[in-house]
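In terms of the numbering used here, the sequence shown opens at residue 1 and continues consecutively.
From the three backbone atoms N, C-alpha and C, an ideal C-beta is built for every residue, glycine too.
Nothing here was measured: the structure is a model prediction, and the numbers come from that model.
The structure appears below as structure tokens.
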Amino acid sequence: MTHTSLPRFSLARAAVLAVVLTAMSGCSSGSLLRDMLDKGDSPATSNALPRGGAVAPDMASADEKAVATLYNAGLSELQAGNYTRAQKKFAEVERQHPYSKWATKAILMQAFSAYQHNGYDDAINAAKRFTTLHPGHKDAPYAYYLIALSEYERISDVRRDQRQTERAVEALEEIARRYPDTAYAADAKEKAKLGYDRLAAKEMEVGRYYVGQGSYLAGINRFKKVVTDYQTTAHTPEALYRLTEAYMALGVVSEAQTAAAILGHNYPNSEWYRDAYKLV
């Protein structure tokens, strides 16, 4: 049997632009770039970008015009798919106009732009800066979500150390804990399940290695961890079978029978149960 593999994050990436265009404002039919404009801005004229995104208003003072021009340049680069250049433009907004409300928006746009060109460290740093400076902002949930997506994207192959997977799962669970009634939480929970599957797969790999080396107790500890900590993953049936197998090898028949019984009760039609039944 093969492990359940974690899908490439391209599936999430395909949807992330839709998320950033719709979800941050809480309005399913709006776009982020348009809704990033506070409703209180007045008077202002919004010039439509070629692809329909809203821009920073052209205001009266020279400073306001300067920040609007720079912010709009970032939006233009973003919508053209020039994410590295967009990130730099938004960084300049924050640097040159740190006390402008557009600096607040620009921090999050930096994070999104960085994420789009795989600059996950920059995306995480910008999003964390946003949540630190503006913890009560209406877009804070999205910032946490973007942090989690960036961590999730960096999950490595199951054969490698899984500390990155643990960080991703922790970030995903933080969203569900902080914002349980949001669409972000629902998506984060699903991605966390995939992360747990990856962690369980690693435990199984190590456990099988130990058993193959004759280190049955070490293998048993790994399989037990899967059953207790990752019991909702696809690896639980095999873990119970491996426990049966390892206990039988040690001559601890009662424990082997217990593991096989649990396997049969929960997965009666499993190939792993049929194999375990033959052992006991």
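Where do the ends of the alpha helix (DSSP H) carrying residue i lie?
i: Asp275; result: 271-279
i: Val252; result: Neither: Val252 is in no alpha helix (DSSP H) and is coded neither H nor E.
i: Lys224; result: 216-229
i: Ala114; result: 101-116
i: Tyr145; result: 140-153
i: Thr165; result: 163-178
i: Asp197; result: 183-212
i: Asn82; result: From DSSP, Asn82 is part of no alpha helix (DSSP H); its letter is neither H nor E.
i: Tyr120; result: 120-133
Ordered along the chain, which non-local residues of its own chain (more than five positions away) have a Cβ less than 6 Å from that of residue i?
i: Tyr247; result: Glu255, Ala256
i: Tyr179; result: Pro141, Ala185
Identify, in the order they occur along the chain, each residue of the same chain with its Cβ nearer than 7 Å to the Cβ of residue i, setting aside the five sequence neighbours on each side.
i: Glu77; result: Arg85, Ala86, Lys89
Compute the Euclidean distance between the alpha carbons of residue i and residue j, then round it to the nearest angstrom.
i: Ala127; j: Lys202; result: 30 Å
i: Lys224; j: Ser113; result: 42 Å
i: Gln231; j: Pro268; result: 16 Å
i: Lys226; j: Leu194; result: First, the amino acid is wrong: residue 226 is Val here, not Lys. Roughly 14 Å between the two C-alpha positions.
i: Leu37; j: Thr165; result: Low confidence applies here, because Leu37 scores a pLDDT of 33, under 50, leaving its location unreliable; read the following figure in that light. Taking the straight line from one Cα to the other gives about 36 Å.
i: Ala261; j: Ala185; result: 36 Å
i: Ala91; j: Ala106; result: 7 Å
i: Arg242; j: Gly251; result: 14 Å
i: Thr69; j: Thr233; result: 51 Å
In terms of alpha-carbon separation, which member of the options lies closest to residue i?
i: Asp198; options: Arg208, Val169, Leu217, Asn221; result: Contrary to the premise, residue 198 reads as Arg rather than Asp in this sequence. Of Arg208, Val169, Leu217, Asn221, the residue nearest in Cα terms is Val169.
i: Thr131; options: Glu245, Tyr241, Asn221, Ala148; result: Ala148
i: Thr104; options: Gly136, Gln164, Lys193; result: Gly136
i: Ser150; options: Tyr273, Ala171, His134, Lys138; result: Ala171
i: Val211; options: Ala239, Arg95, Tyr71; result: Ala239
What do you get for residue i, buried or exposed, if any count of 16 or more other CB atoms within 10 angstroms of its CB means buried?
i: Tyr115; result: buried
i: His235; result: buried
So, at 8 Å on beta carbons, what are the nonlocal neighbours of residue i in its own chain, with the 5 sequence-adjacent residues on each side left out?
i: Ala176; result: Ala185, Ala188, Lys189, Ala192
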